[in-house]
Amino acid sequence: MICSFLLQNLALVLSIVQLTCAIEFSTLDHLRSRTPPDVQATAATDLIRRIVGDRSSDFDINVDPTSGPADRDTFTLVQSGPKLSITGTSGVAVAMGFYYYIKYFCGGQFTWAGQQITLPAELPKVSAVTITSNDRFRYYQNVCTVSYSSAWWDWDKWERHIDWMALQGINLPLAFTGQEAIFQRVYLSMGFTIQDMEAHFGGPAFLAWARMGNIRGWGGPLPEYWMDRQLALQHKILDRMRSLGIIPVLPGFAGHVPAAITRVFPKANVTRLGSWGNFNSTYSQTYLLDFNDPLFTTIGSKFIKAMEAEFGIDHIYNADSFNEMTPASSDPAYLASAARGVYNAMVAGDSQAIWLMQGWLFVNGAFWKDPQIKALLTAVPKGKMIILDLYSEQSPIFSRTESYYGQPFIWCMLHNFGGLNEMYGELDKVNEGPFNGRNFPNSTMVGTGLTPEGINQNEVMYEFMNEQAWRPGSVNTTEWIDLYQAQRYGGGNTNTSAAWAYLRQSVYSSGSTGVTIIHRPSIGSHETMGYDPEMLYKAWDNMVAATATTPALSGQPLFRYDLVDVSRNSLQVLAIKYYSDVIAAYNKSDTASLRSAGVKMIDLLSDLDTLLATDVHFLLGTWTSDAARHFSTAQEKALYDYNSRNQVTLWGPTGQIIDYACKMWSGLINRYYKPRWQLFINTLINCTETKTSFDSGAYGQEVLNTVEIPFSYDQTDFPNEPEGDAIAAAIQFHSKYRPETKSTFFSQFPNVHSSDTVGKFTHEYAKRFGLAL
9 MICSFLLQNL
19 ALVLSIVQLT
29 CAIEFSTLDH
39 LRSRTPPDVQ
49 ATAATDLIRR
59 IVGDRSSDFD
69 INVDPTSGPA
79 DRDTFTLVQS
89 GPKLSITGTS
99 GVAVAMGFYY
109 YIKYFCGGQF
119 TWAGQQITLP
129 AELPKVSAVT
139 ITSNDRFRYY
149 QNVCTVSYSS
159 AWWDWDKWER
169 HIDWMALQGI
179 NLPLAFTGQE
189 AIFQRVYLSM
199 GFTIQDMEAH
209 FGGPAFLAWA
219 RMGNIRGWGG
229 PLPEYWMDRQ
239 LALQHKILDR
249 MRSLGIIPVL
259 PGFAGHVPAA
269 ITRVFPKANV
279 TRLGSWGNFN
289 STYSQTYLLD
299 FNDPLFTTIG
309 SKFIKAMEAE
319 FGIDHIYNAD
329 SFNEMTPASS
339 DPAYLASAAR
349 GVYNAMVAGD
359 SQAIWLMQGW
369 LFVNGAFWKD
379 PQIKALLTAV
389 PKGKMIILDL
399 YSEQSPIFSR
409 TESYYGQPFI
419 WCMLHNFGGL
429 NEMYGELDKV
439 NEGPFNGRNF
449 PNSTMVGTGL
459 TPEGINQNEV
469 MYEFMNEQAW
479 RPGSVNTTEW
489 IDLYQAQRYG
499 GGNTNTSAAW
509 AYLRQSVYSS
519 GSTGVTIIHR
529 PSIGSHETMG
539 YDPEMLYKAW
549 DNMVAATATT
559 PALSGQPLFR
569 YDLVDVSRNS
579 LQVLAIKYYS
589 DVIAAYNKSD
599 TASLRSAGVK
609 MIDLLSDLDT
619 LLATDVHFLL
629 GTWTSDAARH
639 FSTAQEKALY
649 DYNSRNQVTL
659 WGPTGQIIDY
669 ACKMWSGLIN
679 RYYKPRWQLF
689 INTLINCTET
699 KTSFDSGAYG
709 QEVLNTVEIP
719 FSYDQTDFPN
729 EPEGDAIAAA
739 IQFHSKYRPE
749 TKSTFFSQFP
759 NVHSSDTVGK
769 FTHEYAKRFG
779 LAL
């Protein structure tokens, strides 16, 4: 089946010549798969079998690298009797063509939260369709994603996620798993000890920041058992990626070294970076080897050669020396020498090395001005590094650096910070941004990318962004999102169509607003909003109504997931009013009103926990039980449990980055957020009764000692299976709380523009990490 939107636009889509980058980089030509075409075809066939089972025999798969341009992926769909023939330039191209067919001819969807794919007895007919990607690369992952979302994954989850990558056309993902075992191997061969490694590596939930030199040792020591398992897992990850024609990005050496280097190599030129994220010198102020010290090239080349010996080679490496860290000097000569040092170490280990670098550091405009950026980038031969323009949808850097002074870059949608599962996103910016990047004067854009800090939220934003890989131009987002919901729900109905139209006008025209209920309470200002909340509540109305008008939807896992998500977000927004009522009553010293408002807030939190408990994707127990699977001793189990709890709450021993990775999960609401709010409300009531002022410092210390620190150490298990019925809970709480949303309180929000909320959120992020934006 093909919807009217597709019928009206398919001819146009297929007739427009795909856009190409203004500048071609032959220096990148060796970044291609070396897996034989027949092996890629087998891997693509196996992927299709994992998704549609025996119906995979309805598809004839062929990988022919000559079937499209050498520097871009192409897929062709051709009807061959009762079967569909899919030919692609790579296994990824075949997977992308298969998913295109599933979405636009079979009305299906495959996402992080599940799939809705039902093939009819006879495959829908299709005339010949050929689509070529706009760019050479489709990148995926932020260096933080592997800690915020996939820290505890086993092979089953990785396998499904790699399937998702391939279906989305991703051909250049970060592959950072298992690197600690390789670094340890190199360091031990140079005279370091196991104890030195234990002080250097972070814990399993904090590896991303230890890898970037932000922190050292926090959450550790990292057990040998963990490193061995991760090494074995990385082999499976790389084998599967490569079998599909995916080019994995492996880690490089950025210069961050164990503190023991001053003992092992007393003559080494080493400096200490500044503190990060409010951590003190125990866990921060990491050691950075001077880029001109001969030892830098020695360690860097040894590491790359050790990785090649273990995993093979793909010639592209990520290294970030100054991510959220201020360099020792702003002198362009120093920064140029830093870039040469990193690149030369890579080339010493792999003569064909390409350096992939996150461009997030350049968002700090106070330090990284034009001379500093230019010095760093132009010190590396042109075309030998690729910059991830990490936050292109909000803060593009290419447009103020003459397209990175000639170095190739990838236009990325960051979207998410810390894995926050609030509903938000700006479809319009993503709709136009990549095309503006390609059309920029003398553009050096070579790809698009996803760089979320955390995944498993706002799937619509990622589905939409990934289509930018092959879409010839911007689309009507209202029509696109209606098609999206039909694919998601097996056709949907008029209510789900209306619901997503309202979501399009509200949460998906706005940046993140913060979320009051999952941050430590205070009497400071609460978040603003970039949309009219009534639009969200009308979406909620229609999602609930859809359960009655089309009862079959209740059996659709993706519908149930979205119903919980929309209900959750609606209650989250209502909590802003309850918080406002609490503060207003406190300011008036009205104890009775304060008690009443406090009861409403606590009741809402209890109901929110009950709602979230009905879906496995919103359970703290899913996260903590995944962590608990990896232990070999009781001591290790306690370590992993602590890591899993601390990251999503205190993020540090005493709240150094408190609530940054906060989540709206069942278990976390009842056992962590609700006790904090209850203590806050009780404290305010006591203040009104004793006619004293609220002491934020005293409250902060009490809540830290009685709620937050104990939670990190409490090893009580949480359910990892859903409880209750999502449909019944959503209907119940809609009936209970929808009248509450009619308050005039919400009338203040429609005039607040999304750019205001994005600026507020980005400023808060900058403040947390000492950045000057």
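Just add 8 to wherever you are in the sequence shown, counting from 1, and you've got the numbering used here.
Virtual Cβ for every residue (Gly too), placed ideally from N, Cα, C.
Cα-Cα separation, residue i to residue j
| i | j | result |
| --- | --- | --- |
| Leu-15 | Phe-113 | Caution is warranted here: a pLDDT of 38 is assigned to Leu-15, below 50, making its placement in the model unreliable, and the coordinate value is therefore given only provisionally. Going by the C-alpha atoms only, they are around 10 Å apart. |
| Gly-522 | Ile-584 | 11 Å |
| Phe-214 | Tyr-650 | 11 Å |
| Gly-427 | Thr-632 | 15 Å |
| Tyr-510 | Leu-544 | 6 Å |
| Cys-152 | Phe-757 | 33 Å |
| Ile-321 | Pro-259 | 11 Å |
| Ala-216 | Ser-755 | 42 Å |
| Asn-444 | Trp-488 | 20 Å |
| Ala-346 | Glu-401 | 28 Å |
| Gly-225 | Met-205 | 9 Å |
| Phe-304 | Phe-311 | 11 Å |
| Arg-271 | Thr-459 | 38 Å |
| Thr-557 | Met-551 | 10 Å |
| Ala-341 | Met-473 | 38 Å |
| Arg-237 | Ile-170 | 19 Å |
| Ser-614 | Ala-276 | 57 Å |
DSSP three-state assignment for residue i, whether helix, strand or coil
| i | result |
| --- | --- |
| Gln-686 | helix |
| Ser-578 | helix |
| Gln-87 | strand |
| Tyr-399 | coil |
| Val-137 | strand |
| Val-656 | coil |
| Met-393 | strand |
| Leu-676 | helix |
| Gly-629 | helix |
| Arg-237 | helix |
| Gln-664 | coil |
| Gln-756 | helix |
| Val-4 | Examination of residue 4 is not possible in this model, given that the chain is present from 9 through 781 alone. |
| Ala-30 | Confidence in Ala-30 is poor, its pLDDT being 42 and thus under 50, which makes the residue's placement too unreliable to answer from. |
| Gly-105 | helix |
| His-38 | coil |
| Leu-281 | coil |
| Pro-259 | strand |
| Val-388 | coil |
| His-243 | helix |
N-terminal and C-terminal residue of the alpha helix (DSSP H) that residue i is part of
| i | result |
| --- | --- |
| Gly-457 | Per DSSP, Gly-457 belongs to no alpha helix (DSSP H); it is in the beta strand (DSSP E), 453-458. |
| Gly-705 | 704-711 |
| Val-194 | 187-197 |
| Gln-740 | 734-745 |
| Ser-717 | Sequence check: residue 717 is Ile here, not Ser. 717-721 is the span of the alpha helix (DSSP H), which, as asked, contains Ile-717. |
| Val-468 | 467-474 |
Start and end residues, beta strand (DSSP E) containing residue i
| i | result |
| --- | --- |
| Asp-204 | Careful: Asp-204 lies outside any beta strand (DSSP E), inside the alpha helix (DSSP H) at 202-208. |
| Phe-118 | 117-119 |
| Tyr-295 | 295-297 |
| Thr-486 | Counting along the chain, Thr-486 falls outside any beta strand (DSSP E), though it belongs to the alpha helix (DSSP H) covering 485-496. |
| Gly-122 | 122-124 |
Task: Contiguous alpha helix (DSSP H) assignments of at least 4 residues, all confined to the stretch 506-568 - done: Contiguous alpha helix (DSSP H) elements confined to the stretch 506-568 occur at 541-557, taking only those with 4 or more residues.
Task: Sufficient close CB pairs (3 or more, under 8 Å) joining the stretch 123-132 to the stretch 280-293 - done: no
Open item on the list: Three Cβ pairs or more, each shorter than 8 Å: is that satisfied between the stretch 176-195 and the stretch 596-614?
Closed with: Verdict: no, contact absent.
TODO: May I have a chain-ordered list of the alpha helix (DSSP H) segments no shorter than 4 residues that lie completely inside the stretch 299-381?
DONE: 302-319, 340-357
- [ ] Could I get the ranges of all uninterrupted alpha helix (DSSP H) runs contained in the stretch 144-182, with 4 residues as the minimum, in chain order?
- [x] 153-156, 163-175
Task: In chain order, each alpha helix (DSSP H) run of at least 4 residues that lies wholly inside the stretch 410-451 - done: The qualifying runs are 410-413, 435-447.
Task: the stretch 83-91 / the stretch 153-169 touching (three or more Cβ pairs under 8 Å) - done: No, the stretch 83-91 does not touch the stretch 153-169.
- [ ] Report yes or no: do three or more beta-carbon pairs, one from the stretch 713-733 and one from the stretch 620-633, lie closer than 8 Å?
- [x] yes
Task: Contained alpha helix (DSSP H) runs [length at least 4] in the stretch 43-101, N- to C-terminal order - done: Within the stretch 43-101, the complete alpha helix (DSSP H) runs of at least 4 residues are 45-60.
Open item on the list: My parser needs the beta strand (DSSP E) runs of 3 or more residues fully inside the stretch 593-618; what are they?
Closed with: none
TODO: Check whether the stretch 697-717 touches the stretch 636-648, counting contact only when three or more Cβ pairs, one atom from each stretch, lie closer than 8 Å.
DONE: no
Open item on the list: Under 8 Å: do the stretch 656-667 and the stretch 708-719 share three or more Cβ pairs, one atom per stretch?
Closed with: Touching, yes, given that three or more Cβ pairs across the two stretches are closer than 8 Å.
Open item on the list: Contact between the stretch 291-305 and the stretch 665-672 is defined here as three or more beta-carbon pairs at a separation below 8 Å; is this criterion met?
Closed with: no
Open item on the list: Three or more C-beta pairs under 8 Å: does that hold for the stretch 74-90 against the stretch 100-107?
Closed with: Touching, yes.
Task: Touch test, the stretch 174-186 against the stretch 490-502, Cβ-Cβ under 8 Å, three pairs minimum - done: no
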